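A short write-up of the structure that comes next.
2 protein chains.
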Amino acid sequence: MTWSPANPESVFTYGAPQLKFGAGAADEIGHDLAALGAHRVLVVTDAGVLSTGWPDRVADGIRGFGIDAVVHDSAHVEPTDASLVAAVERARADGPFDGFVAVGGGSAIDTAKAVDLLLSDGGELMDYVNVPVGAGRAPSRPLAPLVAVPTTTGTGAESTTICVLDVLSLKVKTGISHVRLRPSLAVVDPRLTATQPAGVTASAGMDILCHALESWTARPFTSYERKQPGERVPYCGSNPISDMWSERSMSLLAKAFRTAVRDGSDEAARGDMALAATFAGLGFGNAGVHVPHANAYPIAGRVRDFHPEGYPQDEPMVPHGMAVALTAPEAFRWTFESDPARHLAAARLLDPAHGARWDSDDRDVLPGILVDLMRDIGLPNGLGEVGYGEHDVADLVDGSLKQQRLLATSPREVGPDDLHGILTRSLQLWD
Amino acid sequence: MTWSPANPESVFTYGAPQLKFGAGAADEIGHDLAALGAHRVLVVTDAGVLSTGWPDRVADGIRGFGIDAVVHDSAHVEPTDASLVAAVERARADGPFDGFVAVGGGSAIDTAKAVDLLLSDGGELMDYVNVPVGAGRAPSRPLAPLVAVPTTTGTGAESTTICVLDVLSLKVKTGISHVRLRPSLAVVDPRLTATQPAGVTASAGMDILCHALESWTARPFTSYERKQPGERVPYCGSNPISDMWSERSMSLLAKAFRTAVRDGSDEAARGDMALAATFAGLGFGNAGVHVPHANAYPIAGRVRDFHPEGYPQDEPMVPHGMAVALTAPEAFRWTFESDPARHLAAARLLDPAHGARWDSDDRDVLPGILVDLMRDIGLPNGLGEVGYGEHDVADLVDGSLKQQRLLATSPREVGPDDLHGILTRSLQLWD
Numbered sequence: 521m522t523w524s525p526a527n528p529e530s531v532f533t534y535g536a537p538q539l540k541f542g543a544g545a546a547d548e549i550g551h552d553l554a555a556l557g558a559h560r561v562l563v564v565t566d567a568g569v570l571s572t573g574w575p576d577r578v579a580d581g582i583r584g585f586g587i588d589a590v591v592h593d594s595a596h597v598e599p600t601d602a603s604l605v606a607a608v609e610r611a612r613a614d615g616p617f618d619g620f621v622a623v624g625g626g627s628a629i630d631t632a633k634a635v636d637l638l639l640s641d642g643g644e645l646m647d648y649v650n651v652p653v654g655a656g657r658a659p660s661r662p663l664a665p666l667v668a669v670p671t672t673t674g675t676g677a678e679s680t681t682i683c684v685l686d687v688l689s690l691k692v693k694t695g696i697s698h699v700r701l702r703p704s705l706a707v708v709d710p711r712l713t714a715t716q717p718a719g720v721t722a723s724a725g726m727d728i729l730c731h732a733l734e735s736w737t738a739r740p741f742t743s744y745e746r747k748q749p750g751e752r753v754p755y756c757g758s759n760p761i762s763d764m765w766s767e768r769s770m771s772l773l774a775k776a777f778r779t780a781v782r783d784g785s786d787e788a789a790r791g792d793m794a795l796a797a798t799f800a801g802l803g804f805g806n807a808g809v810h811v812p813h814a815n816a817y818p819i820a821g822r823v824r825d826f827h828p829e830g831y832p833q834d835e836p837m838v839p840h841g842m843a844v845a846l847t848a849p850e851a852f853r854w855t856f857e858s859d860p861a862r863h864l865a866a867a868r869l870l871d872p873a874h875g876a877r878w879d880s881d882d883r884d885v886l887p888g889i890l891v892d893l894m895r896d897i898g899l900p901n902g903l904g905e906v907g908y909g910e911h912d913v914a915d916l917v918d919g920s921l922k923q924q925r926l927l928a929t930s931p932r933e934v935g936p937d938d939l940h941g942i943l944t945r946s947l948q949l950w951d
Numbered sequence: 521m522t523w524s525p526a527n528p529e530s531v532f533t534y535g536a537p538q539l540k541f542g543a544g545a546a547d548e549i550g551h552d553l554a555a556l557g558a559h560r561v562l563v564v565t566d567a568g569v570l571s572t573g574w575p576d577r578v579a580d581g582i583r584g585f586g587i588d589a590v591v592h593d594s595a596h597v598e599p600t601d602a603s604l605v606a607a608v609e610r611a612r613a614d615g616p617f618d619g620f621v622a623v624g625g626g627s628a629i630d631t632a633k634a635v636d637l638l639l640s641d642g643g644e645l646m647d648y649v650n651v652p653v654g655a656g657r658a659p660s661r662p663l664a665p666l667v668a669v670p671t672t673t674g675t676g677a678e679s680t681t682i683c684v685l686d687v688l689s690l691k692v693k694t695g696i697s698h699v700r701l702r703p704s705l706a707v708v709d710p711r712l713t714a715t716q717p718a719g720v721t722a723s724a725g726m727d728i729l730c731h732a733l734e735s736w737t738a739r740p741f742t743s744y745e746r747k748q749p750g751e752r753v754p755y756c757g758s759n760p761i762s763d764m765w766s767e768r769s770m771s772l773l774a775k776a777f778r779t780a781v782r783d784g785s786d787e788a789a790r791g792d793m794a795l796a797a798t799f800a801g802l803g804f805g806n807a808g809v810h811v812p813h814a815n816a817y818p819i820a821g822r823v824r825d826f827h828p829e830g831y832p833q834d835e836p837m838v839p840h841g842m843a844v845a846l847t848a849p850e851a852f853r854w855t856f857e858s859d860p861a862r863h864l865a866a867a868r869l870l871d872p873a874h875g876a877r878w879d880s881d882d883r884d885v886l887p888g889i890l891v892d893l894m895r896d897i898g899l900p901n902g903l904g905e906v907g908y909g910e911h912d913v914a915d916l917v918d919g920s921l922k923q924q925r926l927l928a929t930s931p932r933e934v935g936p937d938d939l940h941g942i943l944t945r946s947l948q949l950w951d
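This is the structure:
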């Protein structure tokens, strides 16, 4: 351990939405909304998810329980300040609402969080955005109930207390972060991911895996100096509860990930992936993530002309899970020395068949497992394949360093040279 | 498996309070109450817990955050309709309150649930008590926030949606059961259990163990016929999430239980027991418990003159955890055939050092582990030692059969003859 606090933290916190899981769960949301006291709700989605038919099916189901439901495809993939303001204005025009439902990936769920916040608590978007970009205002009262219905197995947005957005004029990714943004209920119905293309399952699955691995390896809560109650943050470092969710998520991934990519119609594998995503979300939503997620911001944000299979081809993009995965092998080689036993335990969970053969000081085991997996499921061979070269590394380092909220849970103190090394060694992952 | 539903259930639910865990957590409750919007709160405890000083210390801490706090020692150990009505009347006289804090064991927490319900939603106690005893009315709105601060490592009341009470005039144990009774926040501070005598640690620990073992072996949620949304109950049978909590709880107990009984000042063991209790509560609060808990009601309720060490000596009693434990070995010998692999997996979790030696069809392994543990920690040798004989068994069977809410999650259909056999074989557990 590299930390020795004078007055170590002894308290950790754990928060989560209530959960309804399983095939058919998305048809019952009206019942749950009625129990939450809602009479007229807004279903927030994006245009791509709308075209699957699920948001309208969910809205019809809600109406079947005597609750009025309006559908807005107002979420932008990767929300911006402009897209959130537009979504809020459209919701205000069609309101009032006393409940919200998000059907989609992280973008739809985060958009619904912002809409709920601004319709429940008033004011303007920038009032609530984290300082220094915004005024960092906390909501003065509980928000209307928000039911999150993820259609992408990965983001964990159904469990977290944050809404991530790009502020276009400043070219910065920031967020709104408050415990009241956590959805009241997560409804995880594996049927909604049935149409997910293999490329999306692969990227989103790497996001799940990194949620689990990053919270599992996150700086332990006991390694911080003791906090005053008002200083506690939702991401409190690894702890016995987040560890449990992370471990279980890795075991499910070991069983189901390759199968789910190879055969999207395998219901058992899809169910396991949905459960793995939920578990990882419940873990990282409390422990936090670190280096791979910090690197993912500039990797996704500075894309020039990469167009991955399975995603809309109209704009270049590095999907979030892919962006996270690309530096994961090298990040975990670098974090190894913070706690070798923990890294090898993760390797055993992810590759239970080969656990016996490893030395206790082998920093290459976990990166090797990740690289083998990425090759098998069709991820790009490093940052080079998504369009970055050595001359981009300094820029990427700058972008990662802006994610101090995430880097604060790195198990080793991380500076520009460390990130430079990790990113450079991630240009090509295998020969 | 003995169940073959025509249209199997595919959905399970999971609910839990938010959690703050660790030494020092009980000093921060005022901060948490402020975040929940409270200005004037009632701290509910019982006379025994009040004498430890903790309720007043918690109230002082709350006042330090600018919140008014009143302390009532209005909880009766094993709440009755009369004790709850008295607690509600005392609270109404001193109100209004916009938040509640329970400091104590299951009795204090359940009393606070009833007080919160009646002060938040109006009406009389019997309006809400489960049918057929009461009118089974559901609260019409969310209750004021309730923070549960358990001082006994075991009950799990901080996680559950039920308030258990004896209706004196009818000599029946029943409850109030609604999802809105679940506390908003559980604050688990192991310091509050430091003064627990060894006998209490032993009995309460067996309650934890049986919570974990009964939810781990409970009838699987997929073995039920598919429910309509309005038919869902908080106790939905074993499922992947309750399994995880139960397993982890058993591993913690394997590590810490004997040590915590032997040396109450061992902080690590006490912390592990507090965590095991929390985990087991989060598991059984969703999966449910079955035969040992059903039997515990009449075993505790019909006591004549047993006075256990470590408990108040003014009234005869069989402590809840002891009452649960006394038929556990025989209950799990009887449930073995429902899922031998699961029973042996539990045995391996509880006794990891000896896991290799067992045959896959040995129904005696798990009962043997439980009996060895009970001898080591000083539990009575069966129902005979707490004052019951063969002539009492028929009465005890009648009492157990009244707990159909619990028996519904038994992994085998259970009738009077089954209970008669389990109770008879539990009269003496070892030679």
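Chains C and S, in that order, are what the protein sequence lines are.
Under my numbering, residues 521 to 951 are what the first sequence spells out, in order.
Under my numbering, residues 521 to 951 are what the second sequence spells out, in order.
Idealized CB from N, CA, C, for every residue including glycine.
This structure is a prediction, so every number in the text was calculated from the model and none was measured.
Query	Result
Under 7 Å by beta carbon: chain S residues contacting M764 (chain C)	M764 and R768
Beta bridge counterpart(s) of P670 (chain C) as assigned by DSSP	C:G624
Chain S residues whose Cβ lies nearer than 8 Å to that of R661 (chain C)	G557
Within chain C, partners of Q924 (chain S) - CB distance below 9 Å	Those do not exist, as Q924 (chain S) stays about 24 Å from chain C at its closest Cβ, beyond 9 Å.
In DSSP terms, what T600 (chain S) is bridged to	S:D686
Opposing strand residues paired with K693 (chain C) [DSSP bridges]	C:D686
For S797 (chain S), three-class secondary structure by DSSP	A quick correction: the sequence has Ala, not Ser, at residue 797 (chain S). In this structure, A797 (chain S) counts as helix in the three-state DSSP scheme.
Candidates S:L639, S:G550, S:A816 and S:A714: closest to D783 (chain S) by CA position	S:A714
Test: E644 (chain C) CB closer than 8 Å to a CB of chain S	no
Cβ separation of F620 (chain S) and V684 (chain S), assumed to be a contact under 8 Å, to the nearest whole Å	Not confirmed; about 18 Å, so no contact.
Same chain, Cβ closer than 7 Å to L701 (chain C), five either side skipped, listed in chain order	K633, L637, T681, I682 and C683
Closer than 8 Å to chain C by CB, H551 (chain S)	yes
Any chain S beta carbon closer than 8 Å to Q833 (chain C)	no
Chain-ordered chain S contacts of E548 (chain C) [CB-CB under 7 Å]	P749
Assigned exposure category for N806 (chain S) - 16 Cβ within 10 Å defines buried	buried
Short-range partners of chain C found in the region 704 to 729 of chain S, where Cβ spacing is below 7 Å	none
D588 (chain C) - containing alpha helix (DSSP H), residue span	First-last for D588 (chain C): D588 to A595, but that is the beta strand (DSSP E), not the alpha helix (DSSP H).
Alpha-carbon to alpha-carbon, L886 (chain C) and S920 (chain C)	23 Å
Cβ-based burial, G643 (chain S) [other Cβ within 10 Å; buried from 16]	exposed
Interface positions of the region 528 to 546 of chain S facing chain D (Cβ-Cβ less than 9 Å), listed along the chain	Note that chain D does not occur in the displayed structure, where the protein chains are C and S.
Three-way DSSP call (helix, strand, coil) for L605 (chain S) in this model	The sequence as given places Val at residue 605 (chain S); Leu does not occur at that position. Looking at V605 (chain S) - three-state DSSP - the assignment turns out to be helix.
Contact list for P760 (chain S) against chain C, beta-carbon separation under 7 Å	L795
Spatial distance of T565 (chain C) from E678 (chain C) (CA atoms)	14 Å
D593 (chain S) versus D580 (chain S) - alpha carbon distance	16 Å
Integer-rounded CB distance, given that A794 (chain C) should sit under 8 Å from P710 (chain C)	4 Å
Between the CA atoms of D896 (chain C) and D951 (chain C) - distance to the nearest angstrom	14 Å
Same chain, Cβ closer than 8 Å to H863 (chain C), five either side skipped, listed in chain order	T737, F852, T855, F856, R883, V885 and L886
Residues of its chain near R612 (chain S), where Cβ-Cβ distance is below 7 Å and the 5 sequence neighbours each way are ignored	L639
The region 767 to 777 of chain C contacting the region 809 to 821 of chain C, beta-carbon criterion three pairs below 8 Å	no
Beta-carbon proximity list for N759 (chain C), same chain, < 6 Å, skipping 5 on both sides	F532 and F741
Three-state class that DSSP yields for G784 (chain C) in the structure shown	coil
Residue range of the unbroken beta strand (DSSP E) whose run includes D566 (chain C)	R560 to D566
F532 (chain C), DSSP secondary structure in three states	strand
Three-pair Cβ contact test at 8 Å for the region 657 to 668 of chain S versus the region 596 to 607 of chain S	no
Top-ranked residue by Cα proximity to V891 (chain C), from C:V563, C:L949 and C:A543	C:L949
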